[in-house]
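In the numbering used here, the protein residues as written are 1 to 145. C-beta atoms are modelled at their ideal positions from N, C-alpha and C, and glycine is treated no differently. This report concerns only the one structure given below.
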Amino acid sequence: MAQQRPHRSQRSTGPRPVLTDAPCPCGRPEEYGACCGRLHAGTARAATAEDLMRSRYSAFVVGDEDYLLRSWDPATRPRRVGLDPDTEWTGLEILRTNEGTPFHKEGAVEFRARYREEGQDGELCEYSRFRRHEGEWVYLDAVVG
Numbered sequence: 001m002a003q004q005r006p007h008r009s010q011r012s013t014g015p016r017p018v019l020t021d022a023p024c025p026c027g028r029p030e031e032y033g034a035c036c037g038r039l040h041a042g043t044a045r046a047a048t049a050e051d052l053m054r055s056r057y058s059a060f061v062v063g064d065e066d067y068l069l070r071s072w073d074p075a076t077r078p079r080r081v082g083l084d085p086d087t088e089w090t091g092l093e094i095l096r097t098n099e100g101t102p103f104h105k106e107g108a109v110e111f112r113a114r115y116r117e118e119g120q121d122g123e124l125c126e127y128s129r130f131r132r133h134e135g136e137w138v139y140l141d142a143v144v145g
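The structure is reproduced here in C-alpha cells:
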C-alpha cells in the first residue's frame, strides 16, 4: 500500500502501541498478535500476496514504518514512508486478488482502505502488485485510483 493521497505531515512517530489480544486491524477474525503482529515482529512470513497486503495495511494502522520498508521490494523502496500520525485508518476491504498464492512468484491485490483525517472520512482504492524477493513476498508498486 503506497501512501499516495494528500496528507499534512511527513513526520513519523514510530509504531503506536497495540495490544496483542486486540482485534487485528486487517479485518481477519484473529487477534493482532496471532495475525499481522507476527509478521510485524518478524516471527512469521506472509504466505500469500493478500497476507502481505493485509499486514502492510495493519502496519499503516499501527504506524510501523520499519515493517513497511522491510516488506517493500528493494528495487522500488523509498528511503522513508512518511506516515501521517493524524491519519486514522478505519477499515480494509479486499476487492479481488490475482495470483499471489504460495505457488506463484507474482500477484496483485485490489483493495479499498478507509481513513479519517481532520474530521473527514476518505478512502483509498489501489491495485497493488507484489512479487517474491529471495523467497518472500514484497510490495512492488501500485496504481491508485
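So, at 6 angstroms on beta carbons, what are the nonlocal neighbours of residue i in its own chain, with the 5 sequence-adjacent residues on each side left out?
{"i": "THR97", "result": "GLU50 and VAL109"}
{"i": "GLY33", "result": "THR20"}
{"i": "SER58", "result": "PRO25, CYS26 and CYS36"}
{"i": "TYR67", "result": "HIS40 and ALA59"}
{"i": "THR101", "result": "THR48"}
Let me know the secondary structure DSSP gives residue i once reduced to three states.
{"i": "ARG38", "result": "helix"}
{"i": "GLY33", "result": "helix"}
{"i": "SER55", "result": "helix"}
{"i": "ASP64", "result": "coil"}
{"i": "GLU123", "result": "strand"}
{"i": "GLU134", "result": "coil"}
{"i": "GLU50", "result": "helix"}
Excluding the five sequence neighbours on either side, which residues of its own chain have a C-beta within less than 7 angstroms of the C-beta of residue i, listed in chain order?
{"i": "LYS105", "result": "ARG131 and ARG132"}
{"i": "ASP147", "result": "Shown here, the chain extends from 1 to 145; a query on residue 147 therefore has no answer."}
{"i": "LEU69", "result": "ARG77 and VAL81"}
{"i": "LEU52", "result": "ALA46, SER71, PHE130, TRP137 and TYR139"}
Could you please give me the residues that DSSP links to residue i through a beta bridge?
{"i": "PRO23", "result": "GLU31"}
{"i": "ARG129", "result": "ALA108 and ASP141"}
{"i": "GLU117", "result": "THR87 and GLN120"}
> Should the region 22 to 31 be called in touch with the region 82 to 102, which here means at least 3 C-beta pairs below 8 angstroms?
Replying inline: yes
>> My parser needs the beta strand (DSSP E) runs of 3 or more residues fully inside the region 80 to 115; what are they?
In response: Assignment of beta strand (DSSP E) within the region 80 to 115, counting only whole runs of 3 or more residues, yields 87 to 99 in chain order.
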